[in-house]
Amino acid sequence: GAVVSQHPSRVICKSGTSVKIECRSLDFQATTMFWYRQFPKQSLMLMATSNEGSKATYEQGVEKDKFLINHASLTLSTLTVTSAHPEDSSFYICSAITGVNTEAFFGQGTRLTVV
Amino acid sequence: DQQVKQNSPSLSVQEGRISILNCDYTNSMFDYFLWYKKYPAEGPTFLISISSIKDKNEDGRFTVFLNKSAKHLSLHIVPSQPGDSAVYFCAAPGTGNQFYFGTGTSLTVIP
């Protein structure tokens, strides 16, 4: 099946710094990419939806100035957590779809720890 | 508005028995459904899907049933194995480029 690569898999950063997480579709062009956050023992929470070349659509309650999403090409989307705080520590997962009504392929996830 | 719902957050089943995970949806326009399996600290992986033109799809130990009139689908795993212990999400693509997930059911298969 299609492969979505997410990098890094783990990152530890200091409070106040910014962290960038990359999501790449390796063998297909992703018309849309999604970013999710998962807290321990909780469901996937959709943070934002991004279409290539346009601004991301953020879910209610997600700070767009804090979680910057860039979808510069059909194979790459990035999530930058700016001025990270310990409460931003979480597991972040990206997914990508190739079109309408198709399967979503997921990255391996990134464990972010802010100290 | 939660368009895809999984009302059971957890389920425990004895090894060898059947696991039944349920999912309800509210949007009658959904015509394709998927189940994903997720292990801790990993991204979800696709498990099985079903189109709304079918009421059953089987793949090895996994069978998904769809009841369109009830807007309900279920995933059956038989026989359940300890390696099946994971969180299972049902999902449905919406119109445009939206993708709706249920809240997940954590399955524990007891050896």
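Going line by line, the protein sequences match chains A and B.
For the first sequence, the numbering used here gives the first residue as 1, with consecutive numbering after it.
For the second sequence, the numbering used here gives the first residue as 1001, with consecutive numbering after it.
Note that beta-carbon positions come from the ideal geometry of N, C-alpha and C, so glycine has one too.
Note that the structure is a prediction, hence the values are computed from the model and not measured.
With a beta-carbon spacing of about 4 Å, S1049 (chain B) and L1034 (chain B) fall inside the 8 Å limit used to define contacts.
Contact between H1072 (chain B) and N1022 (chain B) holds: their C-beta atoms lie close to 7 Å from each other, under 8 Å. Under the DSSP definition of a beta bridge, V1109 (chain B) partners with B:V1013.
Within the same chain, H1076, I1077, V1078, P1079, S1080 come within 8 Å of I1018 (chain B) by CB-CB distance, once the 5 residues on both sides are set aside. Within the DSSP secondary-structure output, A104 (chain A) pairs in no beta bridge. Put simply, the CB of L44 (chain A) is near chain B, with a gap under 8 Å to one of its CB atoms. Residue range 44-51 is occupied by the beta strand (DSSP E) that includes T49 (chain A). Taking C-beta atoms as the reference points, N51 (chain A) and T32 (chain A) count as a pair closer than 8 Å. Considering only beta carbons, the part of the segment 1045-1069 of chain B lying closer than 8 Å to chain A consists of T1045, F1046, S1049, in chain order.
Q6 (chain A) is bridged by DSSP to A:C23. For the segment 1013-1024 of chain B, the beta-carbon criterion of a distance under 8 Å to any beta-carbon of chain A is satisfied by none of its residues.
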